[in-house]
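Just so we're aligned: 149 in the UniProt record's numbering is position 149 of the sequence shown, and the numbers increase by one with no gaps anywhere.
Note that beta-carbon positions come from the ideal geometry of N, C-alpha and C, so glycine has one too.
In this text the structure is predicted, and so the values were computed from the model without any measurement.
Report on the following structure.
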Amino acid sequence: MSRLKKSSTVGLAACVSMVVLAPYASGAPLDRGDADGDGIVNHVEINQYKTNPDSADSDRDGTNDADEVFRHRTDPNNPNTDGDGESDTFEIATGTDPLVSNLAPRPTKSIGKKPPPTEERPDRDGDQLFDSDETEVYGTDPDNPDTDGDGMRDGEEVWVGSDPTG
Numbered sequence: 001m002s003r004l005k006k007s008s009t010v011g012l013a014a015c016v017s018m019v020v021l022a023p024y025a026s027g028a029p030l031d032r033g034d035a036d037g038d039g040i041v042n043h044v045e046i047n048q049y050k051t052n053p054d055s056a057d058s059d060r061d062g063t064n065d066a067d068e069v070f071r072h073r074t075d076p077n078n079p080n081t082d083g084d085g086e087s088d089t090f091e092i093a094t095g096t097d098p099l100v101s102n103l104a105p106r107p108t109k110s111i112g113k114k115p116p117p118t119e120e121r122p123d124r125d126g127d128q129l130f131d132s133d134e135t136e137v138y139g140t141d142p143d144n145p146d147t148d149g150d151g152m153r154d155g156e157e158v159w160v161g162s163d164p165t166g
């Protein structure tokens with residue numbers, strides 16, 4: 001500091017004060033607490049993730065905000081990140097990916113037309129559910145588009161929250 005001119009020292013002090021005090025410029029102290037105990041500090045919830053700092057589960061889907069952000073990479077403000085009609089928590093619990101829709105692609109030309117099959121996730125019966133999900137998640141028949149015979153396709157029943165097995 002002895003080599004700096006007095007005016008430089010004053011300028012340096014002013015810059016340091018601005019950097020140190022910048023977070024408090026609004027007059028409110030920077031909140032480093034975690035009111036809801038979810039593992040994300042309040043100011044990060046408010047400013048970065050836009051979540052509720054007073055609720056550990058902002059979207060009320062049953063999965064803690066910190067787990068959604070850091071572990072599962074789901075949206076803590078949306079209970080159904082992939083938009084397939086199943087909550088993130090249900091998909092995590094059943095082993096399906098909450099970031100990838102579990103519904104097979106809907107037909108585009110006409111109702112009842114089977115979507116094009118894919119090698120990775122086929123839908124043999126065209127009911128809008130992938131075969132692996134029919135057997136591993138829903139307990140439906142991947143070769144019968146209406147497992148319970150009620151006149152509603154299995155995928156439609158899942159979408160509206162009905163039980164496709166009866």
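- If you draw a straight line from the Cα of Asp154 to the Cα of Asp75, it is about 27 Å long.
- In this structure, the beta-carbon distance from Arg32 to His43 falls below 8 Å.
- For Trp159 and Ala56, the gap between their C-alpha atoms comes out near 28 Å.
- A Cβ-Cβ distance of about 6 Å is found for the pair Gly126 and Pro145, placing them in contact under the 8 Å criterion.
- For Ser101 against Asp82, the beta-carbon gap comes to about 5 Å, under 8 Å, which counts as contact.
- The alpha-carbon of Ser132 is positioned some 17 Å away from that of Leu99.
- Cβ neighbours of Ile46 within its own chain (closer than 7 Å, five residues either side excluded): Pro53.
- For Phe90, the enclosing alpha helix (DSSP H) starts and ends at Asp88 to Thr94.
- By the Cβ neighbour-count rule, Thr135 is exposed, with fewer than 16 other Cβ atoms within 10 Å of its own.
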